[in-house]
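Chains as they are written, first to last, in our numbering: chain S, 1 to 88; chain X, 1 to 66.
See the structure below:
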């Protein structure tokens, strides 16, 4: 697995979904810089994920990152309360 | 309803209810993200790697049944 990307781009589509899903951009950046977990989705794509507290509720933020390019690209992001489903 | 395909990220977004906040999301199957409002209603979905899942990604036909 490649090291955490130093340089990355948050795509316009990802920004759109981040805003629509009410996820703070700073939180996404922090997770990309230092995720609690990295999971391989397929060749060239990983999920960077961390557990967070939002509005008094525990969520898992899942950031989809294309790591097969420089800079890496954030494809989309979502939050879910089903932490156990995705945690490894 | 609004459908958008983003070629840069190869994602297809389908918004069923605009201007409705997403409370949280879940992946029904890997790469198929479902978005829900506070009441648990499905309000949008996002398909990753869309070009490999949807036939003719650049064409959409909408029909109203008679």
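All residues carry an ideal CB built from backbone N, CA and C; glycine is no exception.
Test: residue i CB closer than 8 Å to a CB of chain S
| i | result |
| --- | --- |
| residue 52(X) | no |
| residue 37(X) | no |
| residue 6(X) | yes |
| residue 22(X) | yes |
| residue 26(X) | yes |
Residue span of the alpha helix (DSSP H) that contains residue i, given as start and end
| i | result |
| --- | --- |
| residue 84(S) | 83–86 |
| residue 30(S) | 25–33 |
One or two residues paired with residue i in a DSSP bridge
| i | result |
| --- | --- |
| residue 33(X) | 27(X), 46(X) |
| residue 58(S) | 53(S) |
| residue 13(X) | 4(X), 46(X) |
| residue 64(S) | 47(S), 76(S) |
| residue 9(S) | 73(S) |
CB contact below 8 Å: residue i versus chain C
| i | result |
| --- | --- |
| residue 48(X) | The displayed structure is made up of protein chains S and X, and chain C is not among them. |
When the options are compared against residue i, the one with the closest alpha-carbon
| i | options | result |
| --- | --- | --- |
| residue 29(X) | 2(X), 45(X), 58(X), 18(X) | 45(X) |
| residue 56(S) | 81(S), 20(S), 7(S) | 81(S) |
| residue 38(S) | 7(S), 9(S), 61(S), 69(S) | 61(S) |
| residue 12(X) | 24(X), 18(X), 54(X) | 54(X) |
Residue i: first and last residue of the uninterrupted beta strand (DSSP E) it sits in
| i | result |
| --- | --- |
| residue 20(S) | It is not in any beta strand (DSSP E) - residue 20(S) instead sits in the alpha helix (DSSP H) that spans 12–20. |
| residue 22(X) | Looking at the DSSP string, residue 22(X) is not in any beta strand (DSSP E), and its letter there is neither H nor E. |
| residue 42(S) | 37–42 |
| residue 54(X) | Here residue 54(X) belongs to no beta strand (DSSP E), and DSSP marks it neither H nor E. |
| residue 69(S) | Counting along the chain, residue 69(S) falls outside any beta strand (DSSP E), and DSSP gives it neither H nor E. |
Interface flag, residue i vs chain X, CB-CB below 8 Å
| i | result |
| --- | --- |
| residue 64(S) | yes |
Give a yes or no on contact between the segment 40–58 of chain S and the segment 34–44 of chain X, applying the rule of three or more CB pairs nearer than 8 Å.
-> no
Below 8 Å, can you find three or more Cβ-Cβ pairs linking the segment 63–83 of chain S to the segment 6–25 of chain S?
-> yes
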